[in-house]
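Here is the structure we will look at, set down as structure tokens.
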Amino acid sequence: MIALLLRLYPARWRARYGDEFAAVLEERPLGPFDVADILLGALDAHLHLRGLGAASEHGRGFAMSLRIGGYAAIGGGVLWLAGLAASSADGSDEASPWLALLLAGTVLLLVALIGLSAFQAREYPRLVWVAFLVPAAGTIVSTVGISGMWLAGDKLWASGPSTWEIWMIGVLALLGGSGLFAIATWLTTSLSRIGTIALGMAAAVMVLTFAGSLSGRIGDEAGFPLFLVGILAFAGGWILLGVSAIRAGRRVVLPAAGAPA
Amino acid sequence: MSSGMSELGRFAEPSIAILVSLSDGPKHGYAIMADVEAGTGRPMGPGTLYAALARLEERGLIEALPPVDRRRPYRITAVGATVLTQQLRELSEFAELGLRRLGRASG
């Protein structure tokens, strides 16, 4: 009886679920309700497998958004940190070639924000959009500042702020916005918790330290290690979020479609 | 319902019951059926169970673990937990709305 009922299902479905389905049916005697339910299930499996092509496209798009966002977060975190460290070590007011790394890292972080926000926006859409727009604006302003420093060095721009100041305004928006992004990520609970904490902590430490430095409450001796912790947590947080996004993207698979016919 | 569960059509309700069942740890097919019946008071047929399991797995809301004998356990993914939380929150808000309206109508 069980073998006969199983034969009603498509071969592709049986290849994936046949064994375990048979094991479930063997657990207890089949009643009329079970048999009717299995018949409807077999009909559904035939119809569902036909429609799987469209669903698989949706799933692939979803997984791709996670993977692109994940790889961009890892690349962005690494390049941003390396570019910042190298151009700071350079110490020159003139254009530093290392700024290209910082520029590439900043652009990749913008890509990461787009990919991961698209994934998270299914929930808390308002928070996620704010958490996307603030750091995205920050990365764009920061990119303008870096490009200016790269092309002309740290100089006044149209008698207004210097290119370094423009970059710092962008970085602060990026940091503060990353804090919002960390809150949105924490609420959606789907990416790395440690990465989320690191990103949120980095935002809090950096913004508070910067405010403390401006007001004179935090001196250089205390400020430097705090900035260092914030920078490392910021880059580390993005890298961890990127790794967990790639893993989450791999779990969005379509086993029935990939099963042997 | 939002968060993608509406795409599951008539399997949306069984899918929520399955996700709730898996939210306290991995279970194989028969254990899910027994748990859902104990929790809702209504039996879930094996055809419905596997139609819903296949859809949940396709969407990455659950994942299959290596089989033990012929029984394959499933566990809820992080994405599945997020979707379930959202669904339960929406259901809870809807239930509260209904109860408030009933309270006003009877009061």
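Protein chains in written order, with our numbering: chain A, 1 to 261; chain B, 1 to 107.
Glycine residues also receive a C-beta, built at the ideal position from the N, C-alpha and C atoms.
Cutoff 8 angstroms: M1(B) Cβ touching any chain A Cβ:
Per-residue confidence for M1(B) stands at a pLDDT of 39, beneath the threshold of 50, marking its modelled position as unreliable; no derived number is given.
Does E63(B) come out as helix, strand or coil in the three-state DSSP assignment?
Correct three-state label for E63(B): strand.
Between the CA atoms of V78(A) and I239(A) - distance to the nearest angstrom:
Within the model, the alpha-carbon separation for I239(A) versus V78(A) is close to 7 angstroms.
Cut-off 8 angstroms between Cβ atoms - residues of its own chain near A261(A), not counting five sequence neighbours on either side:
For A261(A), the predicted model reports a pLDDT of 29, less than 50, meaning its position is unreliable and no value from the coordinates is stated.
Check the Cβ-Cβ distances between V144(A) and every residue of chain B, and say whether any is below 8 angstroms.
Not an interface residue.
Closest to I32(B) by C-alpha separation, out of T77(B), R55(B) and S21(B), would be which residue?
Distance check between I32(B) and each of T77(B), R55(B) and S21(B) places S21(B) closest, using alpha-carbon atoms only.
Supposed contact pair A72(A) and G115(A) - C-beta distance, whole angstroms, cut 8 angstroms:
Right, the Cβ-Cβ distance comes to about 6 angstroms (below 8 angstroms), so this counts as a contact.
Residue range of the beta strand (DSSP E) that includes P14(B):
Segment A12 to L22 is the alpha helix (DSSP H) holding P14(B); no beta strand (DSSP E) there.
Give the secondary structure of M1(B) by DSSP, where H, G and I count as helix, E and B as strand, and everything else as coil.
Confidence is the limiting factor: at M1(B) the pLDDT is only 39, short of 50, which leaves the residue's position unreliable, though a coordinate-based value still follows. DSSP, read as helix, strand or coil, puts M1(B) in coil.
Alpha-carbon spacing of D19(A) relative to R70(B), whole angstroms
Distance between the alpha carbons of D19(A) and R70(B) is about 6 angstroms.
Which residue's Cα is closest to the Cα of S142(A): A173(A), A182(A), P29(A) and L187(A)?
For S142(A), the closest of A173(A), A182(A), P29(A) and L187(A) by C-alpha to C-alpha distance is A173(A).
With H, G and I counted as helix, E and B as strand and the rest as coil, what does DSSP make of S213(A)?
Annotated three-state conformation of S213(A) is helix, per DSSP.
Where R217(A) falls, given that 16 or more other Cβ within 10 Å makes a residue buried
Around the beta carbon of R217(A), fewer than 16 other beta carbons lie within 10 angstroms, which makes this residue exposed.
Buried versus exposed call for A256(A) [16 or more other C-beta atoms within 10 Å across all chains shown]:
Legend: pLDDT at A256(A) = 42, less than 50; position of this residue unreliable, value from coordinates given subsequently. Of the other Cβ atoms in all chains shown, 16 or more fall within 10 Å of the Cβ of A256(A); this residue is therefore buried.
Segment contact, 8 angstroms Cβ cut-off, at least three pairs: the stretch 225–239 of chain A with the stretch 188–203 of chain A:
Short answer: they touch.
Taking DSSP's pairing of strands, which residues face R75(B) in a bridge?
Answer by DSSP bridge pairing, in chain order: E63(B).
Please compile the residues from chain B whose C-beta is within a distance smaller than 9 angstroms of the C-beta of P243(A).
Going by the sequence as given, residue 243(A) is Val instead of Pro. What V243(A) touches in chain B: nothing, since even the nearest Cβ is about 13 angstroms away.
In three-state DSSP terms, what is S162(A)?
When secondary structure is reduced to three states using DSSP, S162(A) falls in the strand class.
Can you check which of these residues, G39(B), I16(B), A64(B) and R101(B), is closest to Q86(B) by C-alpha distance?
Closest by alpha carbon: I16(B).
Chain-ordered residues of the stretch 129–140 of chain A with a beta carbon less than 9 angstroms from chain B:
If the cut-off is 9 angstroms between Cβ atoms, the stretch 129–140 of chain A has nothing near chain B.
Assigned exposure category for E26(A) - 16 Cβ within 10 Å defines buried
Exposed: under 16 other Cβ atoms inside 10 Å.
C-beta atoms of A131(A) and L101(A) nearer than 8 angstroms
No, the Cβ-Cβ distance between A131(A) and L101(A) is not below 8 angstroms.
Closest by C-alpha distance to I194(A), when choosing among A89(A), A136(A) and A245(A):
Among A89(A), A136(A) and A245(A), the Cα nearest to that of I194(A) belongs to A245(A).
Please report whether the beta-carbon of T188(A) lies at a distance below 8 angstroms from any beta-carbon of chain B.
Output row for T188(A): interface = yes.
I146(A) and W129(A) - do their beta-carbons sit closer together than 8 angstroms?
Not in contact: W129(A) and I146(A) (Cβ atoms no closer than 8 angstroms).
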